[in-house]
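Engineer:
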Amino acid sequence: MQWQSNCVACNTKLDNPIISNVGILCRECSRQGLFRKRLIITGITRMKDDRVCVSGIDPETWRFVRPVYPIGGYLTRDFIMIGTRRSVIHFDVVEMEFTNYKPDQIHHTEDWLINERFTPKYIGHYKEENIIKILRYMAVSNLEEAIVAQDSSLFIVDVKRMTRIWHEHYEKFKVRINFEDKSGNLFEGIPATDLLLLAKVRWCVEKKRINYAQEMVRKFNGNQHKYIRISLTRLFRCQYWKQVTGLITVPDFFDGESFADYERRLGGPA
Ligand SMILES: [Zn+2]
302 MQWQSNCVAC NTKLDNPIIS NVGILCRECS RQGLFRKRLI ITGITRMKDD
352 RVCVSGIDPE TWRFVRPVYP IGGYLTRDFI MIGTRRSVIH FDVVEMEFTN
402 YKPDQIHHTE DWLINERFTP KYIGHYKEEN IIKILRYMAV SNLEEAIVAQ
452 DSSLFIVDVK RMTRIWHEHY EKFKVRINFE DKSGNLFEGI PATDLLLLAK
502 VRWCVEKKRI NYAQEMVRKF NGNQHKYIRI SLTRLFRCQY WKQVTGLITV
552 PDFFDGESFA DYERRLGGPA
């Protein structure tokens, strides 16, 4: 829990701050019908039934925002295409419209209901020097500690090193990662749901690049700015499970390519 002292939509200072897991709307915003927001995209992940989960940072409040449909939850792939070929990538800025802030009380405090009638508008892409500033400002160095507060399900983790990455074919194509955060906590076998990482590893496997894992670990650890985005699942079998929802470095770990680029080469989603 933390002090909620600013409006979660417009960032105005509240007259009466309260202690709460979830953000608070000011009086004006709570009467309002629609919220137009620009999001700095930091997550594009695989969900069930070919759906995707997109999330990002609201640069007005510096809080995470996860757009969800009022019915049916997560977004379709078409929703995150810019034109017909390019999909949204990390650190694109996209304008979306929301009908309400709809947080869960535990961990998933970032949900906003999206207005489906408003087509997301591509605004631009952040420059590297600004990405570094955003990462420094938003990152946590101790993931275990950050999770204890239960007021967030999305984290950008400052990472000391990745120790292993591997893939599995069990029910579906999976990628797992071991890593150590800046505070020395070890995390093992964390599954990746980041669409781009999944597609890239699948592409390496297809191309029989047997050393892809060592190459990726070396490339990641060799970067001065290295972060892993972690999301918590909804409550499932009595736990909120960790998932890797992005490998972030500056310059870009994936050289500016999107999941759609790899999926096109692979002939479609896994
Ligand atoms: Zn407000």
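Sequential numbering from 302 applies to the sequence shown in our numbering.
Here a beta-carbon is modelled for each residue, glycine too, at the ideal position from N, C-alpha and C.
1) Listed in chain order, which residues are found with a beta carbon closer than 7 Å to a heavy atom of ligand 1?
2) Could you have a look at Lys-475 and say whether DSSP puts it in helix, strand or coil?
3) Helix, strand or coil, according to DSSP, for Tyr-402 in the structure here?
4) Write down every uninterrupted run of the beta strand (DSSP E) in the stretch 500–544 whose length is 3 residues or greater and which is fully enclosed by it, in chain order.
5) Could you tell me if Phe-399 is buried or exposed, where buried requires 16 or more neighbouring beta carbons within 10 angstroms of its beta carbon?
6) Go to Ser-356, then tell me how far its beta strand (DSSP E) extends in each direction, as first and last residue.
7) Specify whether the stretch 527–539 and the stretch 312–321 touch according to this definition: at least 3 beta carbon pairs, one from each stretch, less than 8 Å apart.
8) Does the beta-carbon distance from Val-518 to Met-463 come in below 8 Å?
9) Starting from Lys-349 and walking both ways along the beta strand (DSSP E), at which residues does that stretch end?
10) Could you have a look at Cys-308 and say whether DSSP puts it in helix, strand or coil?
11) Given 8 Å as the limit, is there contact between the stretch 541–552 and the stretch 519–531, that is, 3 or more CB pairs closer than that?
12) Report yes or no: do the stretch 398–412 and the stretch 368–378 share at least 3 C-beta pairs separated by less than 8 Å?
13) List the whole-angstrom C-beta distance separating Glu-469 from Lys-475, where the pair is believed to meet the contact cut-off of C-beta under 8 Å.
14) Please decide whether Ile-381 counts as near chain D, where near means a Cβ-Cβ distance under 8 Å.
15) Can you give me the start and stop residues for the beta strand (DSSP E) that Lys-434 sits inside?
16) Check whether the Cβ atoms of Ile-341 and Ile-358 lie closer than 8 Å to each other.
17) Would Ile-491 pass as a contact of Gln-451 if the rule is Cβ separation under 8 Å?
Structural biologist: Let me spell this out:
1) Cys-308, Ala-310, Cys-311, Thr-313, Leu-326, Cys-327, Glu-329, Cys-330
2) The answer is strand: DSSP assigns Lys-475 an E or B state.
3) strand
4) 526–533
5) buried
6) Where Ser-356 is concerned, the enclosing beta strand (DSSP E) stretches over 353–359.
7) No, they do not touch.
8) With a cutoff of 8 Å on beta-carbon distance, Val-518 and Met-463 are scored as near each other.
9) Note, Lys-349: premise wrong, no beta strand (DSSP E); not H, not E.
10) strand
11) yes
12) yes
13) 5 Å
14) Chain labels in this structure do not include chain D; a single protein chain is all it has.
15) Per DSSP, Lys-434 belongs to no beta strand (DSSP E); it is in the alpha helix (DSSP H), 429–439.
16) yes
17) no
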